[in-house]
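*Asks:*
Number of protein chains: 4
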Amino acid sequence: MNEHIRVGIVGISGYSGLATIKLLLNHPNVRLTYVSANTTQGKLAEIWPQLNGKTKLYCEQFNADKAASLCDVVFLAVPHCVSMEITPQLLAKKIAVIDLSGDYRLHSAAAYKKWYGKKHLDPRRLSKAVYGMPEIFRAKIAKATLIANPGCYPTAAILGLAPLVGLQTKAIGSIIIDAKSGVSGAGKKAVPSMMFAEVNESLKAYKIFCHQHTPEINQYLSIIAGKEIDATFTAHLLPITTGIYETIYVELAGDGFSASKIHNLYKKFYKTEPFVRVLKLGEAPEIKNVVGTNFCDIGLAFSKEKHQLIITVAIDNLIKGAAGQAIQNMNILFGVPETTGLA
Amino acid sequence: MNEHIRVGIVGISGYSGLATIKLLLNHPNVRLTYVSANTTQGKLAEIWPQLNGKTKLYCEQFNADKAASLCDVVFLAVPHCVSMEITPQLLAKKIAVIDLSGDYRLHSAAAYKKWYGKKHLDPRRLSKAVYGMPEIFRAKIAKATLIANPGCYPTAAILGLAPLVGLQTKAIGSIIIDAKSGVSGAGKKAVPSMMFAEVNESLKAYKIFCHQHTPEINQYLSIIAGKEIDATFTAHLLPITTGIYETIYVELAGDGFSASKIHNLYKKFYKTEPFVRVLKLGEAPEIKNVVGTNFCDIGLAFSKEKHQLIITVAIDNLIKGAAGQAIQNMNILFGVPETTGLA
Amino acid sequence: MNEHIRVGIVGISGYSGLATIKLLLNHPNVRLTYVSANTTQGKLAEIWPQLNGKTKLYCEQFNADKAASLCDVVFLAVPHCVSMEITPQLLAKKIAVIDLSGDYRLHSAAAYKKWYGKKHLDPRRLSKAVYGMPEIFRAKIAKATLIANPGCYPTAAILGLAPLVGLQTKAIGSIIIDAKSGVSGAGKKAVPSMMFAEVNESLKAYKIFCHQHTPEINQYLSIIAGKEIDATFTAHLLPITTGIYETIYVELAGDGFSASKIHNLYKKFYKTEPFVRVLKLGEAPEIKNVVGTNFCDIGLAFSKEKHQLIITVAIDNLIKGAAGQAIQNMNILFGVPETTGLA
Amino acid sequence: MNEHIRVGIVGISGYSGLATIKLLLNHPNVRLTYVSANTTQGKLAEIWPQLNGKTKLYCEQFNADKAASLCDVVFLAVPHCVSMEITPQLLAKKIAVIDLSGDYRLHSAAAYKKWYGKKHLDPRRLSKAVYGMPEIFRAKIAKATLIANPGCYPTAAILGLAPLVGLQTKAIGSIIIDAKSGVSGAGKKAVPSMMFAEVNESLKAYKIFCHQHTPEINQYLSIIAGKEIDATFTAHLLPITTGIYETIYVELAGDGFSASKIHNLYKKFYKTEPFVRVLKLGEAPEIKNVVGTNFCDIGLAFSKEKHQLIITVAIDNLIKGAAGQAIQNMNILFGVPETTGLA
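Residue numbers (my numbering), protein chains in the order written: chain R, 71 to 413; chain F, 71 to 413; chain Z, 71 to 413; chain E, 71 to 413.
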């Protein structure tokens, strides 16, 4: 393409917003034209001193008209329950929206109310948003106007399970997802439980049986499987800044499985995917190998005796779990080679 | 008692050895009389500079005669496959042994060979060693001469599951233990994978389906249940020095369970235990609340809909998971109040 | 002594308060009788879950009458500018006060105003408070009614410099103190700059030329030297929870010095001190060797060529730098052996 | 330019080597054609799993002929004392060398012997190597055949001091550099003192008065000043993976200085430099703002009263302190825009 994609970001005071800015500033086909935030205005390079010398942009209060006049696409890195107010304004002005919040991921307004605790303000659009997971929904993404960018935990969970759930649907029994995440997933708000001395040298499970990513995971696994999937999902807070690790336990009925058969299934499923790396049999991923990248690393171990598959998945929660995947979606949407700006 | 217990430690160059020394130096009924190590000799306060000013002991090469002449009981904080060489020598001299290694925990020499990779040198004693978990085997510990101190992972797993497995045996379905541990559990040897830059800001699963603590967990759960238990156990390395966290998923058959019923079961089971804290319903433990203590914190969450119990357990791997529990065992063995030196 | 010292703590919601509670609960001559806090009331074991099972105390709003009726001595672990309101009330009721805040450390009300930003409310008492550094002011502490417990940075700085400043006064030239501290020194308030993701994997200098511990250091160094000392002090925030490290550069005039002469000076000065460890020549302390203890470790390196002494000092900021030193002071004040409860 | 620069790296098993590979793989004008290591051979993507999917290169034992046939320039990321064996072989074949080790930084073979402990094997070339600090020696770098890439600590120290030392030479009094570094600077070798549990939650000074970067700093400061400079340099090990922070204390004679005058001096000196950011007066850098970048951030604070300047400097030790600066040098050498591949 001859011209740059003009891109705006709404919500730049959190870690996802920062990650999005950093990637977009290095994207050869993008011109970052507009940044806004609700609580913080001023020079972007003063809000985030690490951007000093890289941008002269000024962050202002959100204004839909201004955003529309300056952008071809807007990334929303706002908290949930905010995106559903902004999205309709931008779509009305024919601006494509890539929403990093959870507002358009669930198809049911009732489920949204239950898990996010608020009535949805734009319920009719819930069924029209496209879930921005390129490995599964690439064709739809290419034609979307509203992309619901997947949550960080669901990205790892769904990529880890999709080949199995999609191709061995009948054999799937109980699924347990034990997830561990660095703190940047929680946003930048100053809350006592996220202070250094509270998180450091510790670990805890949180929101057991009630994490809002649970219905997102199950909704899309069910779509992929073509049958109801009800996985258990538990989140833990790790004393690291960035990274997600999920250890997934799947019961597999039948005697036809072997480690290498399952491994081949995954290798084949992700054969042409630029950002999914299926490790050798017997290897497990490590968070450090994906931090700073858009890769999703998947390890597989199978016990024939126990009819049990253990899938281990690692991603960078801010990149493949947020900003990187969002840019991958943008690339698809604008017909740019999918890996551009993400190498 | 009028006199001090004379205590020796064999294997003081690792973190369990250090933790044992530190606790014993503060124990009012103990005189630490003998320390030895295979690879490092010299002043104890130079081997571990943090002990400077606290002890004048000299660490020497192990000598069974000398140990026997100076000690009433010897703690073995040696690597596995070493303890089984030393233990028979000490027992022959009528010295009580508390073994922190894995050498006397499994009852079957064949299982030992399979999971530890070496032929057991003292197989006949395997069935006579007493498993040093006071909450379960207190009466036997009081009369033991050889105490097999539990592994760190098994301590958390068994304490987390004992009430359920012991009292609701029939309802127990599949059990999955997702365990996370700080690095001190791996010992102090300089290996590339344990270097700061390799562990920091990362996480990985390891020894999937083949961790040597798996048979230990299942052997004792089976004893407690009175039926075969075959839990799945997965270990992860956390970027922290000390602490273990286990998230345990149990399938519970039948409709008779409720969260409060299970909670009461646990409260009652551990009612008089000084070192097990059953948290309020809905709370999950945090590693930071047990580090530096002999406590085991247990959280419970139950989904009636899913017939699923999630037990979360936190311990300090070097204290309740090693040195602290060993001293608790010593207290029982010598008739000292059980919490002495552990408050 | 036959009876317990009845102790109260005002300000238990911060890390110094917690450290004080933990030490006092293990002190054989103490009964903790009263705890209060301004912002948080309730069961102490719920405010600090790690105390679960160790205390049944209830934390209430501060009341001077109640505190006086229940206590022989009260520790103030409140923020500065609060202590000067509470202290007069307690002293009026003949209760001894050990103040962990900075309110009574400076002798001049004008200096207090300059460095703490507020007018002092109890200026006449400034010259009467005893600075609670046992190694220097032990005799005065024994007779004090108000003890100004030293700041964490000043404790390391003054202990590191006292022998030299006191005994080689004339030779002392410029002094530079480069200090590094873990986050617990900053208290538990939720501020953005102390969030895990902001502190982790980073370091920064702060309050250059304007840290409030500067005048405290210089005031007491000047007293010890008997001449004006004007050391430069710079603080840095370390990505660790606990510990202070100070690297002190001293210009030494004259040709009479040698490394061993200086080393002997320090060894002699601290010969009978239970909590100061002068390391061997050529060794430098490490934070990990003092964490969890009341020790102050001091390393010395001298370059005759450069007429320069480098003193390295490590302490646990919450123990020797706060709670531990406070209890050491209490022991002296009540005639209990000085190391009691601190081993 | 039309063609790619063909680049080789010798020594890819350490963290500098990895950082160099990662930057070069993303450099638009570079083709990475050759990688070798002494101890590890095999697929590069297996040696460093994070490179999986990014390169198919095979790492082999070093062979000068092969390297010469495949490369226009070779980066040496080998330990010191190895580079001086390899460099002459490559130069003999007319291949440009960028040496990341310390072998060609000191001008005197005697100094090399003293600080690196080994006789130099290629002493005649010591005076011919160009010190690869673009901000100071850009013109020479453009014509060099052997570039001695600066050490990590010296990079921060010299950039922090160059404007002052170069332009206010007469006023300069004593200089003290208190430096703190993450562990990656020490290389990847498994040594006990660099194990996670030894480094984590701690800090220590090391090699006081005898760190090999001291003469490097003083040699180049002296060259810049045109007079002998003898700064004191102390290194500390931080519990982080990446980053260096230096706090530099300079005595400034005379009354002509003011904070803003000094600040302007620095702003002007670095005005056109793409990778040096002089912060606003009163601000101090933070390691997190430079990690992952080639920036050097400099903060300034001046006390007129004390005639003292405190300079704070932060860099990423693996990028501006090693690989990034090396690539900046390569860009200059090959006439590529200097920031290429470093944004």
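By construction, the Cβ of each residue, glycine as well, lies at the ideal position given by its N, Cα and C atoms.
Return yes when the Cβ of residue 171 of chain Z is within less than 8 Å of the Cβ of residue 204 of chain Z, no when it is not.
*Replies:* Taking 8 Å as the Cβ cut-off, residue 204 of chain Z and residue 171 of chain Z do not qualify as a contacting pair.
*Asks:* Applying a beta-carbon distance threshold of less than 8 Å, which residues of chain E neighbour residue 250 of chain Z?
*Replies:* Those within 8 Å of residue 250 of chain Z in chain E are 250, 273, 306.
*Asks:* So which of F:363, F:410, F:298 has the shortest CA-CA distance to residue 46 of chain F?
*Replies:* The requested residue 46 of chain F is not part of the displayed model; chain F covers only 71 to 413.
*Asks:* For residue 257 of chain E, does the three-state DSSP call read helix, strand or coil?
*Replies:* Three-state DSSP puts residue 257 of chain E in coil, outside helix and strand.
*Asks:* Does the Cβ-Cβ distance between residue 392 of chain E and residue 285 of chain E come in under 8 Å?
*Replies:* No, the Cβ-Cβ distance between residue 392 of chain E and residue 285 of chain E is not below 8 Å.
*Asks:* Taking residue 261 of chain E and residue 260 of chain F to be in contact with their CB atoms under 8 Å, please state how far apart those CB atoms are, rounded to whole angstroms.
*Replies:* So it is a contact: roughly 6 Å between Cβ atoms.
*Asks:* Using a Cβ-Cβ distance under 8 Å, would residue 309 of chain F count as near chain Z?
*Replies:* Not an interface residue.
*Asks:* When DSSP labels each residue in this structure, what does residue 148 of chain Z get in the three-state scheme?
*Replies:* Coil.
*Asks:* Taking residue 279 of chain Z as the query, report the chain R residues whose CB atoms sit under 8 Å from its CB, ordered along the chain.
*Replies:* Simply none; closest approach about 21 Å.
*Asks:* In angstroms with no decimal places, state the Cα-to-Cα distance between residue 303 of chain R and residue 379 of chain F.
*Replies:* Between residue 303 of chain R and residue 379 of chain F, the C-alpha separation is close to 13 Å.
*Asks:* Roughly how many angstroms lie between the CA atoms of residue 265 of chain F and residue 73 of chain F, to the nearest whole one?
*Replies:* Looking at the two C-alpha atoms, the distance is approximately 44 Å.
*Asks:* Got a sec, what are the start and stop residues for the beta strand (DSSP E) residue 370 of chain Z sits in?
*Replies:* Taken as a continuous stretch (DSSP letters only), the beta strand (DSSP E) holding residue 370 of chain Z covers 366 to 373.
*Asks:* Taking only three categories from DSSP, how would you classify residue 203 of chain E?
*Replies:* In this structure, residue 203 of chain E counts as coil in the three-state DSSP scheme.
*Asks:* Using the C-alpha atoms, what's the distance from residue 229 of chain F back to residue 20 of chain F?
*Replies:* Outside the displayed range of chain F (71 to 413) lies residue 20 of chain F, so it cannot be described from this structure.
*Asks:* Using a cut-off of 7 Å between C-beta atoms, extract the partners of residue 413 of chain E located in chain R.
*Replies:* Under the 7 Å cutoff, chain R gives 96.
*Asks:* Excluding the 5 residues preceding and the 5 following residue 240 of chain F in the sequence, name in chain order all residues of the same chain whose CB lies nearer than 6 Å to its CB.
*Replies:* Answer for residue 240 of chain F: no residue qualifies.
*Asks:* State yes or no: is the beta carbon of residue 75 of chain Z nearer than 8 Å to at least one beta carbon in chain F?
*Replies:* With 8 Å as the cut-off, residue 75 of chain Z does not count as an interface residue toward chain F.
*Asks:* From the beta carbon of residue 315 of chain E, is the nearest beta carbon of chain F less than 8 Å away?
*Replies:* By this cut-off, residue 315 of chain E is not an interface position.
*Asks:* Our contact map puts residue 251 of chain F next to residue 280 of chain F with C-beta atoms below 8 Å; I'd like the distance itself, whole angstroms only.
*Replies:* Between residue 280 of chain F and residue 251 of chain F the Cβ distance is about 16 Å, and since that is not below 8 Å, they are no contact.
*Asks:* Pull up the distance between the alpha-carbon of residue 282 of chain E and that of residue 166 of chain E, whole angstroms please.
*Replies:* C-alpha separation (whole angstroms): 26 Å.
*Asks:* From what residue to what residue does the beta strand (DSSP E) around residue 173 of chain R run?
*Replies:* That residue, residue 173 of chain R, is in no beta strand (DSSP E); it is neither H nor E in DSSP.
*Asks:* Measuring only between beta-carbons, confirm whether residue 84 of chain R sits less than 8 Å from chain Z.
*Replies:* Judged by the 8 Å Cβ criterion, residue 84 of chain R is not in contact with chain Z.
*Asks:* At what residues does the alpha helix (DSSP H) containing residue 87 of chain F begin and finish?
*Replies:* Segment 85 to 95, the alpha helix (DSSP H) holding residue 87 of chain F.
*Asks:* Taking the C-alpha atoms as reference points, what is the distance between residue 309 of chain R and residue 271 of chain F?
*Replies:* Near 8 Å, if we compare the C-alpha coordinates of residue 271 of chain F and residue 309 of chain R.
*Asks:* Answer with yes or no whether the minimum CB distance from residue 408 of chain R to chain F is below 8 Å.
*Replies:* No, residue 408 of chain R does not count as interfacial toward chain F.
*Asks:* Please name the residue, chosen from Z:85, Z:199, Z:215, Z:94, that lies closest to residue 117 of chain Z on a Cα-to-Cα basis.
*Replies:* For residue 117 of chain Z, the nearest C-alpha among the options comes from Z:85.
*Asks:* Could you tell me the distance, in whole angstroms, from the CA atom of residue 101 of chain E to the CA atom of residue 78 of chain E?
*Replies:* Distance between the alpha carbons of residue 101 of chain E and residue 78 of chain E: 9 Å.
*Asks:* Closer than 8 Å between beta carbons: that is the criterion. Which residues of the stretch 279 to 303 of chain F meet it against chain R?
*Replies:* Of all residues in the stretch 279 to 303 of chain F, 279, 300, 302 have a Cβ within less than 8 Å of some Cβ in chain R.
*Asks:* With distances taken from CA atoms, which of Z:91, Z:194, Z:97 is nearest residue 75 of chain Z?
*Replies:* Among Z:91, Z:194, Z:97, the Cα nearest to that of residue 75 of chain Z is on Z:97.
*Asks:* On the premise that residue 359 of chain Z lies in contact with residue 120 of chain F, defined as a C-beta separation below 8 Å, what is that separation, rounded to the nearest angstrom?
*Replies:* Right, the Cβ-Cβ distance comes to about 4 Å (below 8 Å), so this counts as a contact.
*Asks:* Give the DSSP-derived three-state secondary structure of residue 242 of chain Z in the structure shown.
*Replies:* Reduced to three states, the DSSP call for residue 242 of chain Z is strand.
*Asks:* Compare the Cα-Cα distances from residue 127 of chain E to each of E:107, E:406, E:401, E:168 and report the closest residue.
*Replies:* The option with the nearest alpha carbon to residue 127 of chain E is E:107.
*Asks:* In whole angstroms, what is the alpha-carbon distance linking residue 321 of chain R and residue 356 of chain F?
*Replies:* Cα to Cα, residue 321 of chain R sits roughly 29 Å from residue 356 of chain F.
*Asks:* So, does the CB of residue 402 of chain E fall closer than 8 Å to a CB anywhere in chain Z?
*Replies:* No - not a single Cβ of chain Z is within 8 Å of the one on residue 402 of chain E.
*Asks:* For the stretch 341 to 365 of chain F, which residues have a CB atom closer than 9 Å to at least one CB atom of chain R, in sequence order?
*Replies:* Taking 9 Å as the Cβ-Cβ cut-off against chain R, the residues of the stretch 341 to 365 of chain F that qualify are 352, 354, 355, 356, 357, 358, 359, 361.
*Asks:* If distances are taken between C-alpha atoms only, which option among Z:399, Z:159, Z:394 comes closest to residue 412 of chain Z?
*Replies:* Checking every option, the nearest Cα to that of residue 412 of chain Z belongs to Z:394.
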